[in-house]
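Taking it in order: structure first as structure tokens, then the write-up.
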Amino acid sequence: MATNTVEPRDPDALLAELAEAYRRHAPASAAWQARAERYLIDGVSNALRHVAPFPPRVVAARGAWVTDEDGHRILDFWQGHYANLLGHNPPVVTEGLARALHEGYGLQTGFVDRVQVEVAERLCARTGADRVRLTTSGTLATLAAVTLARAFTGRDLVLKVGGGWHGSQPWGLKGVAFREGFDHLESRGLPAQAGEQVLLTRFNDTDHLHDVFARHGDRLACFIVEPVVGSGGMIPARRAYLQAARELTHRHGALLILDEVITGFRFRAGDAGALYGVRPDLATFGKIIGGGMPVAAVAGRADVLALCGRGGTVKFEGGTFAAHPASLLAARAMLDHLIAHEDTIYPALRTRSVRLREVVTAAFAEEGVAVRFAGDRVDDLPGCSLHMLL
């Protein structure tokens, strides 16, 4: 194996050189970026989709590949913010959706239908939840879950993990990127007390979690945590950590919220909490369950979710497009496919992820670059595919 070393270069000069090469490579995308910046902030509608010097403008997507305005086929590991477990536009979703639209059903009606019942039935059956409230994004789901917890307990404080991301909502915008330290909200324009109401704990540090609950447990409304910290580096929780979280929240009268917007239906046809033997009070789902369409859900205890029902004290209507017909047709197709083929889909993902890790590791090693992967092994969760994470 080669033992090449990377010669140091001026990083600014190198970036400028690469940017110019990219502009020559993708002139149509460059032109569209210039046009977009006249009307869209930074030329995009989500900051994550802007890559310097400009993002590729996509015209088609199928499976693992997208095609840009310049006709380049790009191998895509981003897959729609991790939402496309089966790749872009899987036929199992698109064919049924196209058929329904052709037959005159799928656009907004504002009425209820059988599909939302069927989606809710599947979510409850596969996650152990009593009830579900559907909405359109993971951010809205986590916002509603925290609001429900605060209303149910009558408490104000919210505990989250440093580095954990729960969407652009007031109780999620602290302790994410740490640009100004641990004690600042990472967005201006929010009520100052929102930052004061959020406490941070260290992920997978059971001792610190015990300490936080010992000091603040009687004032905590909830602990919201991802089974795998996504933005913090795709780090899986240890079994003992999540089980301690369950025991501590129960003991102190706080609610445990598992944010499964990323992890839900990613490692099995259901919630990841079950892999840890943990049943939360509330869980949030999104991304994968929509089959590429905007679907999210808050699922959990009936007595908590009853607060957003008729006569309840929490306003969580889900939004105008909550339970949108086309979105739920896609969700039903996706869930049915994952459930029916659970024994083949998830082992195949596991095998591919191991192979991908091996190839990437070898490529870095050949260039003499040290690299470390997160989620490499989860020894206390035998048989699950959590170790597929890069």
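Numbering that gives the first Met the number 0 puts the first residue of the sequence shown at 0, with every later residue one more than the last.
Don't be surprised by glycine CBs; every beta carbon is placed ideally from N, CA and C.
Beta-carbon proximity list for residue i, same chain, < 7 angstroms, skipping 5 on both sides
i, result
"Asp69", "Ala25, Pro26, Ala27, Ser28"
"Glu185", "Leu172, Lys173, Val175, Ala176, Arg178"
"Phe478", "Outside the shown range of the chain, which is 0 to 389, sits residue 478, and nothing can be said about it."
"Val114", "Pro324, Leu327, Leu328, Arg331"
"His336", "Val91"
"Asp112", "Pro324"
Sequence-distant residues of its chain with Cβ nearer than 8 angstroms to residue i (five each side left out)
i, result
"Ser326", "Thr135, Gly289, Met292, Pro293, Val294, Phe320"
"Ala243", "Thr205, Leu208, His209"
"Gly232", "Gly162, Ala373"
"His80", "Leu47, Lys286"
"Gly105", "Leu96, Ala99, Pro324, Ala325, Leu328"
"Ala345", "The displayed chain sequence assigns Tyr, not Ala, to residue 345. Phe266, Arg267, Ala268, Ser384, listed in sequence order."
"Thr66", "Val57, Val58, Ala59, Ala60, Arg72, Ile73"
Residue i, DSSP secondary structure in three states
i, result
"Ile287", "helix"
"Leu100", "helix"
"Leu198", "strand"
"Pro235", "strand"
"Thr319", "coil"
"His249", "helix"
"Ala369", "coil"
"Asp204", "coil"
"Asp67", "strand"
"Asp258", "strand"
"Phe222", "strand"
"His336", "helix"
6 angstroms Cβ shell around residue i - same chain, five flanking residues per side excluded
i, result
"Leu147", "Val303, Leu306, Val313"
"Ser230", "Trp164"
"Ala193", "Pro169"
Contact check, residue i vs residue j, beta carbons under 8 angstroms
i, j, result
"Gly171", "His165", "yes"
"Thr126", "Gly269", "yes"
"Ile223", "Thr141", "yes"
"Ala143", "Val359", "no"
"His373", "Ile234", "The identity of residue 373 in the sequence shown is Ala, whereas the question assumes His. In this structure, Ile234 lies closer than 8 angstroms to Ala373 by Cβ."
"Ala176", "Cys221", "no"
"Phe284", "Gly263", "yes"
"Val118", "Leu334", "yes"
"His215", "Leu198", "yes"
"Val160", "Val228", "yes"
"Ala236", "Asn203", "yes"
"Arg218", "Asp155", "yes"
"His87", "Arg61", "yes"
"Gln168", "Thr138", "yes"
"Ala63", "Leu74", "yes"
"Val58", "His49", "no"
"Arg23", "Ala301", "no"
With 16 other Cβ atoms within 10 Å as the buried cut-off, status of residue i
i, result
"Pro89", "buried"
"Leu158", "buried"
"Phe212", "buried"
"Ala15", "exposed"
"Gln107", "exposed"
"Leu133", "buried"
"Asp11", "exposed"
"Gly153", "exposed"
*Is the segment 43-54 touching the segment 304-320, taking contact as three or more C-beta pairs under 8 angstroms?*
no
*Decide if the segment 243-259 is in contact with the segment 82-96; the criterion is three or more beta carbon pairs, one per stretch, under 8 angstroms apart.*
no
*Touch check for the segment 266-282 and the segment 335-347: three-plus C-beta pairs under 8 angstroms?*
yes
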